[in-house]
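Enquirer: Heads up, the sequence shown is in the working numbering, so the first residue is 5 and it goes up one at a time.
Glycine residues also receive a C-beta, built at the ideal position from the N, C-alpha and C atoms.
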Amino acid sequence: MAAPAQYDIFVIGGGINGCGIARDAVGRGFSVYLAEMNDLASGTSSGSTKLIHGGLRYLEHYEFRLVREALMEREILWKIAPHIIWPMRFVLPYFEGGPRPAWMLRLGLFLYDHLGGRKLLPATKTLDMRTDPASKPLKPLFTKAFEYSDGWVMDSRLVSLNARDAADKGAVIRTRTKVVEARRGEKVWTITLEDMRTGSQETVTASLLVNAAGPWVDDVLSQALGQNDVHHVRLVQGSHIVVPKKFEDPRAYFFQNKDGRIIFAIPYEDEFTLIGTTDRDYSGDLGEVKISDQEIDYLCNAASEYFAEPVLREDIVWTYSAVRPLYDDGATKAQEATRDYVLSVDKSGELAPLINSFGGKITTYRRLAESMLERIEGLLGARGGPWTANAVLPGGDFDVHGFASEVGVLKAEYPFLEEKHAKRLVRLYGTRARALLGTSRSASDLGKRFGADLYELEVRYLVEQEWATTAEDVLWRRTKLGLHLTSDEALGLAKFMNSLDRGVIAAE
């Protein structure tokens, strides 16, 4: 029997932190193997509010280091992925007797504007809500609002693109692959993997193990590594609802609730409004996370305090829910638990090292990866230096203000594409939309149409290049076309996906 393949670094977890670490590490010259037991971004990383933001509300909890780092990351991430990340303006209505006085909001927004070295994003301004269009969908209760800048991200695509870039640079990326055992030896880990589709097993070895399993980080420690009495993370559920479009304005809303918490109402996928999030401790099955009736009522009631037309349960077209693995800092309330990340090095004598990643938020994933690499290089020796701040993600090689131009170029090269279709392809794939379309010269070259503007050519691209193996992967993580396909159309896609050879792809 051949000896197991040897790698420098083995990463457990295919969320944003695991994929970001794998990308940074392989780009510095380390050999990397990443295993994800489900799909990429199938947990927390596809269940966020989809914001690249400093975290205005974290200032209340004096998390200045986290907020400053996150604010600095906004423009860096926009520059490296302008297809899936773009600026968004937020309207924060103010009213007398609200949870926070006007001076506190002004101070917070002043810090927000100045902590993070903002260069491209416009500054905060005050709105007269008696005349500003932002007041149109709201109850006539507000005479003043503050408008500030943050960013929007297609969160699950950010994960896929980090994985794709890591694989392009030589990392091995395996999805539907579970670590069933990791044995620690002198200077080496021996890791047993199980293919979740076939049940087959393989063994690899690595000099260092990174546990970036998100909500499962403690489970990995106890089940795969055999550690007892493990409790490092506080599991906090965040849920969202999606309703038909509540307003035409391109700006989003930041609503303060009577209980001191906040929710967002955000333009979503052209035809919808996204409302969330909740914050509550979670102790259930991590494989069965879903929104509760109480959370639905909370979000509907909170949004209805602001919108002139109430948000009703029957308006909801989709919900999603995820569990955030926050570092357990002993906070009393779930919404007060730190969103900062903690990296814990476990090194004893000559035994192979382990580094656990706890907490974090999607905005700071790149900085978390850099911090992880500092620790890795302290253990394995330095290779290349930090590089990801100026390296575009796949498809992001165009100017931050160049989206419309890219759509025009794609339309000129593929004139049979409808405008909406071309925009969606550039949004998801950027300049790699051309690689997807290839030599197509008419709609018939795109193959079978599954519904909306999803064609066989795109599905095959996602299977071959982005590890998609199920209809859910395609409809809800690589795209959001699940909002636009009927149940029968989704079933047709599922049958097609089942007919494909779903072997290991795109990992070499």
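Counting only the same chain and skipping the five closest in sequence on each side, list residues whose C-beta sits under 6 Å from that of Phe362.
Expert: Same-chain partners within the cutoff: His236, Val237, Tyr331, Val346.
Enquirer: Three Cβ pairs or more, each shorter than 8 Å: is that satisfied between the stretch 43 to 56 and the stretch 472 to 480?
Expert: Counting Cβ pairs under 8 Å, three or more are found: they touch.
Enquirer: What number of angstroms, rounded off, separates the C-alpha of Asp344 from the C-alpha of Ala386?
Expert: Whole-angstrom Cα-Cα distance: 26 Å.
Enquirer: What is the C-beta distance between Glu417 and Arg438, in whole angstroms, given that I count them as a contact (C-beta under 8 Å)?
Expert: That belief holds up - the Cβ atoms of Glu417 and Arg438 are roughly 7 Å apart, short of 8 Å.
Enquirer: Are Ala216 and Val349 closer than 7 Å when you measure CB to CB?
Expert: Not closer than 7 Å, so no.
Enquirer: Under 7 Å Cβ to Cβ from Ser153, same chain only, skipping five residues before and after it: list those, please.
Expert: Closer than 7 Å at Cβ, skipping near neighbours: Pro91, Arg93, Leu125, Pro126.
Enquirer: Tell me the DSSP secondary structure of Met41 in three-state form.
Expert: It is coil, neither helix nor strand.
Enquirer: Which residue wins for smallest C-alpha separation from Thr281, given the options Tyr302, Val293, Leu75?
Expert: Considering only alpha carbons, the answer is Tyr302.
Enquirer: Helix, strand or coil, according to DSSP, for Tyr272 in the structure here?
Expert: Strand, per DSSP.
Enquirer: Which of the three DSSP states is assigned to Lys452 in this structure?
Expert: In the structure shown, Lys452 sits in coil (DSSP, three-state: anything other than H, G, I, E or B).
Enquirer: Count the other CB atoms within 10 Å of the CB of His405; is the residue buried (16 or more) or exposed (fewer)?
Expert: Exposed, by the Cβ-count rule.
Enquirer: Out of curiosity, what's the CA-to-CA distance linking Pro329 and Leu119?
Expert: Going by the C-alpha atoms only, they are around 26 Å apart.
Enquirer: In this structure, does DSSP put His118 in helix, strand or coil?
Expert: Note: His118 maps to helix in three-state DSSP.
Enquirer: Say whether the stretch 170 to 186 touches the stretch 30 to 45, bearing in mind that this needs 3 or more beta-carbon pairs closer than 8 Å, one atom from each stretch.
Expert: Yes: at least three Cβ pairs fall under 8 Å.
Enquirer: Can you tell me which of the three DSSP states Asn261 falls into?
Expert: Asn261: coil per DSSP, three-state reduction.
Enquirer: Threshold first: 4 residues or longer. Then list the alpha helix (DSSP H) segments lying entirely within the stretch 356 to 403, N to C.
Expert: If we require 4 residues or more, the alpha helix (DSSP H) runs fully inside the stretch 356 to 403 come out as 369 to 384.
Enquirer: Within this structure, are the beta carbons of Ile56 and Val157 separated by less than 7 Å?
Expert: Yes, Cβ-Cβ distance for Ile56 and Val157 is below 7 Å.
Enquirer: Give the straight-line distance between the Cα atoms of Asp199 and Ala39, rounded to the nearest whole angstrom.
Expert: Computed Cα separation, rounded: 10 Å.
Enquirer: Count the other CB atoms within 10 Å of the CB of Phe114; is the residue buried (16 or more) or exposed (fewer)?
Expert: Phe114 is exposed by the Cβ-count criterion.
Enquirer: State yes or no: is the beta carbon of Gln205 nearer than 7 Å to at least one beta carbon in chain C?
Expert: No chain C is present in this structure, which holds just one protein chain.
Enquirer: At which residues does the beta strand (DSSP E) containing Phe14 begin and terminate?
Expert: Counting along the chain, the beta strand (DSSP E) containing Phe14 begins and ends at 9 to 16.
Enquirer: Helix, strand or coil, according to DSSP, for Met158 in the structure here?
Expert: Met158 falls in the coil class under three-state DSSP.
Enquirer: By Cβ distance, which residues of its chain are closer than 6 Å to Glu151, with the 5 residues on each side in sequence left out?
Expert: Around Glu151: Arg93, Val95, Lys129, Leu131.
Enquirer: Label Gln241 either buried or exposed according to how many other C-beta atoms from any shown protein chain fall within 10 Å of its C-beta, with 16 as the threshold for buried.
Expert: With 16 or more Cβ atoms within 10 Å of its Cβ, Gln241 is classed as buried.
Enquirer: Determine the closest residue to Asp172 out of Cys304, Gly33, Ile320, with distance taken between C-alpha atoms.
Expert: Checked all of Cys304, Gly33, Ile320; the closest Cα to Asp172 is Gly33.
Enquirer: Please report how far the alpha carbon of Leu461 lies from the alpha carbon of Lys452, in whole angstroms.
Expert: For Leu461 and Lys452, the distance between alpha carbons rounds to 8 Å.
Enquirer: Is Phe500 helix, strand or coil by DSSP?
Expert: Here Phe500 sits in helix by DSSP.
Enquirer: For the beta strand (DSSP E) that Ser226 lies in, which residues bound it at each end?
Expert: That residue, Ser226, is in no beta strand (DSSP E); it is neither H nor E in DSSP.
Enquirer: Report buried or exposed for Gly507, applying the criterion of at least 16 other Cβ atoms within 10 angstroms of its Cβ.
Expert: Reliability of the predicted coordinates at Gly507 is poor, the pLDDT of 42 falling under 50, and the value obtained from them is presented with this limitation in mind. It counts as exposed.
Enquirer: Determine, using beta-carbon pairs with one atom in the stretch 414 to 428 and one in the stretch 97 to 106, whether at least three such pairs fall under 8 Å.
Expert: No: fewer than three Cβ pairs fall under 8 Å.
Enquirer: Using a threshold of 7 Å, state whether the C-beta atoms of His87 and Gly434 are closer than that.
Expert: Yes. Within cutoff.
Enquirer: In angstroms with no decimal places, state the Cα-to-Cα distance between Asp457 and Ala356.
Expert: So the two alpha carbons sit approximately 50 Å from each other.
Enquirer: On a CA-only basis, which of Ala373, Asp12, Leu358, Arg431 is nearest Gly28? Give me that one, please.
Expert: Here residue 28 is Asp; the residue named in the question, Gly, does not match the sequence. For Asp28, the nearest C-alpha among the options comes from Ala373.
Enquirer: So Leu275 packs on Lys249, CB below 8 Å; how close in whole Å?
Expert: In the sequence as presented, Leu is not what sits at residue 275; that position holds Glu. The pair is a contact, with the Cβ atoms about 6 Å apart (cut-off 8 Å).
Enquirer: Which residue's Cα is closest to the Cα of Lys148: Pro141, Ser448, Met133, Val293?
Expert: With distances taken between Cα atoms, Lys148 lies closest to Met133.
Enquirer: Nearest to Ile300 by CA position, among Glu313, Ile279, Ser287, is which residue?
Expert: Taking only the C-alpha atoms, the option nearest Ile300 is Ile279.
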